[in-house]
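Read the structure below first, then the notes.
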Amino acid sequence: MQQMRQQLAGQQATAHLATTGTPATATIVGLRQTGGYVNHAPLVEIQLMVTPADRPPFPATHTGLVPPVYLGQLRPGGTVAVRYSPTDPNSVAVVWGQPA
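Last residue of the sequence shown: 140 in our numbering, with the numbers rising by one and none dropped.
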């Protein structure tokens, strides 16, 4: 039960970051499926190289649920739209459905 609460809290923080963070484009460097699923959406760890408009690129990792409709688009070398926290660049959220 504690793990479920932690996962829910993480999803809420990611959802907040996806709407309030600084927009950027990121290149997918690597992927790892964690084995977890919620409502048929897999929990995936995505290694990214984030390229903001106003600072040098930096590496980050996003772990979150991937809507099944976007699974086919995830591959190393592909790009995704992200938002990141300017005060904590390690906090990155992929913005599904937004062009990179």
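We treat Cβ as the ideally placed atom computed from N, Cα and C, and that holds for glycine. Just so we're clear, the structure is a prediction, and the values are computed from it rather than from any experiment.
Please look up how many angstroms separate the CB atoms of leucine 111 and isoleucine 68, rounded, as I've assumed it's under 8 angstroms.
For the purposes of this step, residue 111 is taken as the residue at position 71 of the sequence shown. For the purposes of this step, residue 68 is taken as the residue at position 28 of the sequence shown. At roughly 12 angstroms, the Cβ-Cβ gap does not stay under 8 angstroms, so leucine 111 and isoleucine 68 are not in contact.
Alanine 121 CB to nearest heavy atom of the ligand MN below 7 angstroms
With respect to small molecules bound, the structure shown includes none, and the ligand MN cannot be examined in it.
Check for me: the beta strand (DSSP E) holding glutamine 73 runs from which residue to which?
Sequence index remark: in the sequence shown, residue 73 carries index 33 (1-based). Per DSSP, glutamine 73 belongs to the beta strand (DSSP E) from 62-78.
Close Cβ partners of arginine 72 (< 6 angstroms) along its chain, the five nearest in sequence each way excluded
Within the sequence shown, numbered from 1, the residue matching residue 72 stands at position 32. The residues are Glu85.
Would DSSP call glutamine 46 helix, strand or coil?
Within the sequence shown, residue 46 is the residue found at index 6, counting from 1. Because glutamine 46 carries a pLDDT of 49, less than 50, the predicted location of this residue cannot be relied on, and the following value inherits that uncertainty. Helix.
Thinking threonine 74 and leucine 83 are a contact (beta carbons under 8 angstroms), I'd like their distance in whole angstroms, please.
Walking along the sequence shown from the start, residue 74 turns up at place 34. Walking along the sequence shown from the start, residue 83 turns up at place 43. That pair is a contact at about 5 angstroms.
Exposure label - methionine 44; buried when at least 16 CB within 10 Å
The residue you call residue 44 lines up with position 4 of the sequence shown. Low local confidence applies: a pLDDT of 48 at methionine 44 is under 50, so the model's placement there is unreliable, with the coordinate-based value given in what follows. When all chains shown are included, methionine 44 counts as exposed.
Do you know how far the Cα of threonine 62 is from the Cα of alanine 93?
Within the sequence shown, the letter at position 53 stands for residue 93. Within the sequence shown, the letter at position 22 stands for residue 62. Distance between the alpha carbons of alanine 93 and threonine 62 is about 10 angstroms.
Distance CB(threonine 65)-CB(alanine 121) smaller than 8 angstroms
Along the sequence shown, read from residue 1 onward, the residue named residue 65 stands at position 25. Along the sequence shown, read from residue 1 onward, the residue named residue 121 stands at position 81. Closer than 8 angstroms, so yes.
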